[in-house]
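S.K.: Numbers given in our numbering equal positions in the sequence shown, counted from 1, plus 12.
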Amino acid sequence: MRRFDIYLRAVARLESAVGRFHRDTLIARHNLAYWRGLAGQHERAVEEFTAAAEDAERALGADHPTTLTYRVNLSFWRGLAGEPAMALAELAELQPRVDSVLGADHPRALRTRQQRAELLERSGDRGGAATLLTSLLADIIRVQGSGHPRTREAAEALARCGERDIR
13 MRRFDIYLRA VARLESAVGR FHRDTLIARH NLAYWRGLAG QHERAVEEFT
63 AAAEDAERAL GADHPTTLTY RVNLSFWRGL AGEPAMALAE LAELQPRVDS
113 VLGADHPRAL RTRQQRAELL ERSGDRGGAA TLLTSLLADI IRVQGSGHPR
163 TREAAEALAR CGERDIR
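1. State buried or exposed for A169, treating a residue as buried only when at least 16 other CB atoms are found within 10 Å of its CB.
2. Quick check on the DSSP output: what are the complete alpha helix (DSSP H) runs of length 4 or more inside the segment 121 to 173, in order along the chain?
3. Which residues in the same chain as E180 place their Cβ atom closer than 8 Å to its Cβ, once the five residues preceding and following it in sequence are excluded?
4. Taking Cβ positions, are R41 and A65 nearer each other than 7 Å?
5. Using 8 Å as the cut-off, can you tell me whether the segment 145 to 156 makes contact with the segment 118 to 136, which would need three or more C-beta pairs spanning the two stretches below that distance?
6. What do you reckon, are the CB atoms on L132 and G140 nearer than 7 Å?
7. Who are the Cβ neighbours of W47 in its own chain at under 7 Å, not counting the five residues just before and after it?
8. Count the other CB atoms within 10 Å of the CB of G49; is the residue buried (16 or more) or exposed (fewer)?
9. Would you say S87 and A104 are within 7 Å of each other, going by their C-beta atoms?
10. Which same chain residues, not among the five before or five after R56, have their C-beta less than 7 Å away from its C-beta?
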């Protein structure tokens, strides 16, 4: 059984038991979208991320950390689904809100920057990605340490962009 099939059943059961806007239902719907994306069903993942983000905003408010996380992930997966320009614009718009609500050093804020860099690289702007990754990598090392998995991911992405690792 595919992982997203498990979440699909969980979403249906949670919606009937506790409702569409319950925290657990929102989390299950977000996870369903994530696993669909990993399975290569990008367009379907975007549809599900959209619904989860809209419901999180209704239930929790636009600046709630959960809503912001869902919006960021929606934008990122939208970029992977073939709309990188829109996704990059959305992530650039979301970044100040994420930084304001969570703090610029929060792992979600750092991850948002990393997702922007990944989409820049995928869209062919290696220079823009390298610039963003250079400052991001320094911040990730400062906040999470040089051994953190996200630090390694950022260093590898920077290397792919043709830049030297700054560590």
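Where a beta carbon is used, it is the ideal one built from N, C-alpha and C, also for glycine.
M.R.: Taking the coordinates as given:
1. As a position in the sequence shown, residue 169 is number 157, starting the count at 1. Buried.
2. 138 to 156 and 161 to 172
3. For residue 180 there is no data in the structure shown, the boundaries of the chain being 13 and 179.
4. By one-based count along the sequence shown, residue 41 stands at place 29. By one-based count along the sequence shown, residue 65 stands at place 53. Contact flag unset, no.
5. yes
6. Against the sequence shown, residue 132 aligns to sequence position 120. Against the sequence shown, residue 140 aligns to sequence position 128. Result yes, Cβ atoms of L132 and G140 sit closer than 7 Å.
7. Counting from 1 along the sequence shown, the entry for residue 47 is found at position 35. Taken in chain order, the residues that qualify are R15, F16 and Y19.
8. Taking the first residue of the sequence shown as position 1, residue 49 is located at position 37. The residue is buried, with at least 16 neighbouring Cβ atoms inside 10 Å.
9. Here residue 87 is taken as the residue at index 75 of the sequence shown, counted from 1. Here residue 104 is taken as the residue at index 92 of the sequence shown, counted from 1. Going by C-beta atoms, S87 is not nearer than 7 Å to A104.
10. For the purposes of this step, residue 56 is identified with residue 44 of the sequence shown, where counting begins at 1. Cβ neighbours of R56 beyond the five flanking positions: R48.
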